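Worksheet for the structure shown next.
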Amino acid sequence: MARILVISPSGEVYDHDNVRWYDYANLAAHMEHYHNIGDAFVFDSSLKLLNFEQLEVLPIEQVDQAAIDRTNAEFDYVFLRGSNYVHSEMEWERAPEVLRRLKIPVIAFGIGAQAPVSGKLELSEDTKAVLRLIADSTASVGVRGTYSAEVLASLGIKNVRIIGCPTAFRANNPELSIRLPPLDQVRTAGVTLRREVSTTYAQNIGRYLTFHRDLVKAMAGRFDVTLMAQGEAEEKKLALGTAEQKEEAIAALRENGWAAQWYLDDEMERLYRSRMFYSDVVADYEQLVRRLDLVLGYRLHGNLMALANGTPSIYFTYDSRTVEFAETYRIPSFDVFSGQEFRLEEYWDQARFDRFNAAHSQVYAAMSDFLSENKVDHKMVKRAAAPERKVA
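Mind the numbering: the sequence shown is residues 68 to 459 in my numbering, read in order.
This is the structure:
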């Protein structure tokens, strides 16, 4: 089996292919800080698809020629954990210098581009260099969807394959199928929360937060609901903190201008106090979604974790990332900025989920082919090559 390295690991590995946040037992050390545990979902899911005997991190913050020589001599490949790297604010430290010295492949494992609300996507020279170095080192570059492929094509990178995200395939089941029970049999629901949002990508913060608030309250009025946080400090405190920390969190939310105006009313405060879930361990989220009848909301990877485990999920799209995920997998989705009213009954439609079922099978095959053509030892079922998805 392979000896591999990872760039941007997002968590510590235990029991070979399981991921939890760094120093997870010392919760107090990072209770005050935001980190997106969804990134750990991707890292954990990536490892579950790969055959490897040794895993290390490739540092990109410095150029250590002795370490690079060891990498070239002892390791089979490096993979870049799938994430949202192709945007105007991305910082690569000294990655271009490090990658230029590597003689082994650098596998882009489901990377994505982020479009701003307005204006043209501007990329740094470092970002362009990293993407070209990766493309030159491998048979193909794995991206999450059509928009990301088009951005790379605009840089002259043509060896691109649309593979979605490893989280969708963490169960390694090419025959995964979402089957809907009657809606009146649904008892439990998870709402994936993303309260913190940027004006760079969400076009109307008031609409974003008021719709978010109303969705939570509507689902809580129909189902036994769990609010699934993924890293905001106040939500972490309400899920896992001391009594004093919980009060600090509520006070901070009340003092936050956006939250106070558009999000935290009396009913939301009650739900936040009584229904919040957060964990620094990826496996805890997997166990949660397996117990739920429905997961819906704003989080890319929280929703995808549910789908990967056979739990129906509906996406609420608000930027190019969420749209791209929904399009790649044909996931039932609702545009937060459409001005329309969301009715769950309209989305509880087996035909909608059959489109996801078919797309999941197709993208699974593309992911398997991608790994094989890049000579990555993997666990995915090797199937006939998937039809190429052409980029306009």
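Backbone N, C-alpha and C define an ideal beta-carbon position, used for all residues, glycine too. Computed from a prediction, not measured in an experiment: that's the story for all the values here.
Output the distance between the C-alpha atoms of residue i and residue j, rounded to the nearest integer angstrom.
{"i": "L276", "j": "G406", "result": "14 Å"}
{"i": "A175", "j": "R137", "result": "21 Å"}
{"i": "E460", "j": "K195", "result": "Here the chain covers residues 68 to 459 and nothing more, so residue 460 does not appear."}
{"i": "R274", "j": "G324", "result": "15 Å"}
{"i": "N545", "j": "M447", "result": "What the structure shows of the chain is the stretch from 68 to 459, and residue 545 is not part of that stretch, so it cannot be assessed."}
{"i": "H102", "j": "F142", "result": "30 Å"}
{"i": "A452", "j": "V430", "result": "In this predicted model, A452 has a pLDDT of only 48, less than 50, meaning its place in the structure is not dependable; the value taken from the coordinates is given anyway. For A452 and V430, the distance between alpha carbons rounds to 11 Å."}
{"i": "G369", "j": "L198", "result": "27 Å"}
{"i": "K313", "j": "R246", "result": "38 Å"}
{"i": "S380", "j": "F420", "result": "9 Å"}
{"i": "Y345", "j": "G298", "result": "7 Å"}
{"i": "A433", "j": "I230", "result": "6 Å"}
{"i": "A459", "j": "S215", "result": "Confidence at A459 is low in this model, with a pLDDT of 43, below 50, so its placement is unreliable and no value can be given for it."}
{"i": "S150", "j": "H83", "result": "22 Å"}
{"i": "L371", "j": "I104", "result": "13 Å"}
{"i": "V292", "j": "E128", "result": "42 Å"}
{"i": "A300", "j": "A95", "result": "11 Å"}
{"i": "T213", "j": "E242", "result": "23 Å"}
Determine the DSSP secondary structure at residue i, reduced to helix, strand or coil.
{"i": "A256", "result": "strand"}
{"i": "N139", "result": "helix"}
{"i": "T213", "result": "helix"}
{"i": "V130", "result": "coil"}
{"i": "F176", "result": "strand"}
{"i": "R161", "result": "coil"}
{"i": "H461", "result": "Because the chain here runs from 68 to 459, residue 461 falls outside it and cannot be looked at."}
{"i": "A296", "result": "coil"}
{"i": "L355", "result": "helix"}
{"i": "L72", "result": "strand"}
{"i": "Y275", "result": "helix"}
{"i": "Q429", "result": "helix"}
{"i": "M343", "result": "strand"}
{"i": "I229", "result": "strand"}
{"i": "R262", "result": "coil"}
{"i": "H368", "result": "helix"}
{"i": "V148", "result": "Per the sequence shown, the amino acid found at residue 148 is Arg instead of Val. The answer is strand: DSSP assigns R148 an E or B state."}
{"i": "E120", "result": "strand"}
Can you tell me whether residue i is buried or exposed, with buried defined as 16 or more other CB within 10 angstroms of its CB?
{"i": "Y365", "result": "buried"}
{"i": "L116", "result": "buried"}
{"i": "Y152", "result": "buried"}
{"i": "S265", "result": "exposed"}
{"i": "S77", "result": "buried"}
{"i": "E391", "result": "buried"}
{"i": "M286", "result": "buried"}
{"i": "Y81", "result": "exposed"}
{"i": "D106", "result": "buried"}
{"i": "P399", "result": "buried"}
{"i": "F251", "result": "Here residue 251 turns out to be Asp, not Phe, going by the sequence shown. Flag for D251 reads exposed."}
{"i": "M343", "result": "buried"}
Exercise for the section: Please specify which runs of the alpha helix (DSSP H), each continuous and at least 4 residues long, are wholly inside the stretch 374-421, giving them in chain order. Expected result: 387-396 and 411-414
Handout entry: Cβ contact check for the stretch 309-324 and the stretch 109-125: 3 or more pairs under 8 Å
Key = no
Handout entry: Sequence ranges, alpha helix (DSSP H) only - wholly within the stretch 305-340, length at least 4
Key = 310-322 and 324-329
Exercise for the section: For the stretch 252-270 and the stretch 218-234, state whether three or more C-beta atom pairs, one from each stretch, are separated by less than 8 Å. Expected result: no
Handout entry: Segment contact flag, the stretch 303-316 with the stretch 355-365, C-beta cutoff 8 Å, min 3 pairs
Key = no
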